[in-house]
Amino acid sequence: MAASLLVPPLCGASTTLVRGLVGAPDDGFQQSWHTHLGFQPVIGVRQKAPDLSMYWGTAFVPRRVETETVTFSWVGAMGGGVSSAGNFTLSVNGHPVVQFDVVSRSTHFPARYSSCDLYYDVLWTRPGGRWTENALDTSGHFFLVVDASALEPGRPVILSVTGTDIGEHRWFGIIYDATMVPAMPQRRWREFRRYPEPAQPPPATAEAGFEHYLPQYSDPGCFTPIGWPADPAETAVSPTGQLMSGLDYTRYGSGVGRSEPPYYRHSLAFAVWDGQRLVPVGAGAPARQNLYRGRYPMVYTNWTWSDFSLQGTAFSEPLAGDGYASGTERTLAWAVWDIRNYAREPREITLVAFYVGDEDAPAPEMVWRDGAVHRDGSALFSAAPSEGFSQEFHPVFPPGLVIDASRPFDALIEDRGAANALVVRGTLRPGESKHVAFNRVFDYPDAYHWKAPQLPPVPAEALTARACEAAFKRTAERWETLEKRFCFFRTPRRASTSWSARPCWTAASSPRNGTAATSSSTR
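Each residue of the sequence shown is one higher than the one before, starting from 0 at the first, in numbering that gives the first Met the number 0.
Right, dumping it as structure tokens:
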């Protein structure tokens, strides 16, 4: 295992992190090879014709960039032996910016043509190389830092790498699989912490607890599970508060199109309408997350917009019964948004919750009936706003928005509007707080080896008759009961005969596959 590189110019500085790879690269050779993610597909170039060039697109640069630089990140590899002969050239929108070579250690490649910088954070070396200059292959994270003034807001960037044709087999590649976890989340670098592997123990006088070790690991930035044990849908919340299925994420691997922050398929997503466009949670100021009581999978998502602070509380419970037995039961997930007005005068806010479709059904037909949104006759999601707030269902929001059937996600990605939206409006006095409770039904979404059975329709009352306060209490009590089953380890204190006890987390209690949110979403 290789030591991680803590990128010096970025630590303590402010940069906007954007996903550096969306979709499969064009051209280049294709093969599967050993990486830190296992045996994975690699698309790459060599220093030998004809495999000399490859191209790929990034996610959209945010429309509002408040930092001096933008950092694109992706997962890649290189190998074939270290040599000073030849090199590879990285270009941004057709303009050469950085030359780099095959290396076996974490390396900073300064720009030769512009003010860009490329960092390669090596996470793995080929077994047998023993982390020396003789290591043949490496893999890890790449970070390309670009001056924000050189980029066009709201547009993706085309990156390319070209190898010098010297007849050698040294290669550079991108690890690409449509089902793999994206390299990094989109957020400010100063909130992202990484330390050398393995994790460093605490000093002798400190407790070796969950809080010490958790921040030392990279965050894949995908989701945090919030389902009870054995939840068939693997109900989860995204780093921006979307209610989603973890199984859907592992199936599709990324958000729709090149949205930033990403919208996940089949999720219930949230945004504010500013009168002209949607402002998704996490846009502008990054969303920050933490866990209820610091350890239970009930996730707070904190975000600020204009004069408002918004805190979403995400948790879930079985739709019926007090647990899961057959593996086909439904789950009811909650997102309770507490909204506070910090202005000195009354302010109106419009909160929009909408269903994100997929490529087969980007805007499925839904209807409003009995206080809930229905699909195919079954209640899917609903809202319960505080007194004084109104709610309306719109098949397309804003009314009159035209969705191009050939590019159905463009309106959403460009923040022009959304389909199947519950729109909640209200005015808050200075310092006043109110909440809106949304809930969403999740079914087991099928798997290759196990198809979900046809279940009876969900009545609207199953969603609208429940109170979020009682649901939160039930869920918290469930986790408290489970916690009592955990073992404890005890650490003697020096110069004292007393003992301190901390919970020892087991696989059943720790978040699976995704982020366990602390000060910001962290794995």
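We put the CB at the ideal spot given by N, CA and C, even for glycine. Predicted model only: the values in this text are computed from it and were never measured.
Own chain partners of residue i with C-beta closer than 6 Å, once the 5 adjacent residues on each side are dropped
i: residue 478; result: 295
i: residue 347; result: 426
i: residue 428; result: 345
i: residue 148; result: none
i: residue 300; result: 240, 286, 288 and 311
Whole-angstrom distance between residue j and residue i, CA atom to CA atom
i: residue 56; j: residue 145; result: 15 Å
i: residue 442; j: residue 357; result: 16 Å
i: residue 250; j: residue 343; result: 47 Å
i: residue 473; j: residue 111; result: 60 Å
i: residue 199; j: residue 450; result: 44 Å
i: residue 29; j: residue 106; result: 25 Å
i: residue 350; j: residue 365; result: 19 Å
i: residue 97; j: residue 254; result: 29 Å
i: residue 46; j: residue 142; result: 22 Å
i: residue 69; j: residue 22; result: 20 Å
i: residue 14; j: residue 304; result: 19 Å
i: residue 172; j: residue 108; result: 17 Å
i: residue 298; j: residue 116; result: 36 Å
i: residue 495; j: residue 202; result: The predicted model places residue 495 with a pLDDT of 46, which falls under 50 and marks its position as unreliable, so this point remains unresolved.
i: residue 262; j: residue 430; result: 31 Å
i: residue 409; j: residue 17; result: 19 Å
i: residue 50; j: residue 93; result: 18 Å
i: residue 333; j: residue 48; result: 55 Å
i: residue 235; j: residue 163; result: 45 Å
i: residue 90; j: residue 485; result: 52 Å
i: residue 183; j: residue 85; result: At residue 183 the pLDDT is 46, less than 50, meaning the model places this residue with poor confidence; the figure from the coordinates comes in the next sentence. Between residue 183 and residue 85, the C-alpha separation is close to 30 Å.
i: residue 284; j: residue 302; result: 7 Å
i: residue 292; j: residue 26; result: 49 Å
i: residue 354; j: residue 288; result: 22 Å
i: residue 151; j: residue 64; result: 10 Å
i: residue 166; j: residue 32; result: 21 Å
i: residue 453; j: residue 338; result: 38 Å
i: residue 476; j: residue 43; result: 51 Å
i: residue 416; j: residue 423; result: 15 Å
i: residue 245; j: residue 103; result: 35 Å
i: residue 466; j: residue 286; result: 26 Å
i: residue 248; j: residue 88; result: 34 Å
i: residue 395; j: residue 437; result: 19 Å
i: residue 243; j: residue 140; result: 26 Å
i: residue 272; j: residue 123; result: 44 Å
i: residue 325; j: residue 434; result: 35 Å
i: residue 276; j: residue 405; result: 21 Å
CB-CB length for residue i against residue j, believed under 8 Å
i: residue 311; j: residue 278; result: Going by Cβ atoms, the distance from residue 311 to residue 278 rounds to 15 Å, so no, they are not a contact pair.
i: residue 19; j: residue 73; result: 4 Å
i: residue 79; j: residue 169; result: 4 Å
i: residue 54; j: residue 24; result: 6 Å
i: residue 458; j: residue 378; result: 6 Å
i: residue 267; j: residue 380; result: 6 Å
i: residue 463; j: residue 370; result: 4 Å
i: residue 471; j: residue 314; result: 6 Å
i: residue 411; j: residue 372; result: With a Cβ gap of about 17 Å, residue 411 and residue 372 do not count as contacting.
Those residues which DSSP pairs with residue i across a bridge
i: residue 433; result: 338
i: residue 427; result: 346
i: residue 88; result: 98 and 161
i: residue 64; result: Bridge partners of residue 64: none, in fact.
i: residue 315; result: 332
i: residue 72; result: 18 and 142
i: residue 419; result: Answer is none; residue 419 lacks a bridge partner.
i: residue 173; result: 42 and 75
i: residue 268; result: 353
Same chain, Cβ closer than 7 Å to residue i, five either side skipped, listed in chain order
i: residue 362; result: 356, 402, 407, 418 and 419
i: residue 260; result: 185, 239, 279, 281 and 282
i: residue 317; result: 227, 323, 328 and 330
i: residue 66; result: 13, 14, 15 and 147
i: residue 99; result: 86, 87, 89, 108 and 117
i: residue 432; result: 337, 338 and 339
Close Cβ partners of residue i (< 8 Å) along its chain, the five nearest in sequence each way excluded
i: residue 205; result: 211
i: residue 174; result: 34, 36, 39, 40, 41, 74, 75, 76 and 138
i: residue 225; result: 234, 235, 236, 296, 297, 298, 313, 314, 315 and 332
Handout entry: Segment contact flag, the stretch 51-67 with the stretch 149-166, C-beta cutoff 8 Å, min 3 pairs
Key = yes
Practice task
Examine the Cβ distances between the stretch 389-403 and the stretch 309-329 and report whether three or more of them are shorter than 8 Å.
Solution key: no
Exercise for the section: State whether the stretch 224-231 contacts the stretch 319-335, with contact taken as three or more CB pairs (one from each stretch) at a distance under 8 Å. Expected result: yes
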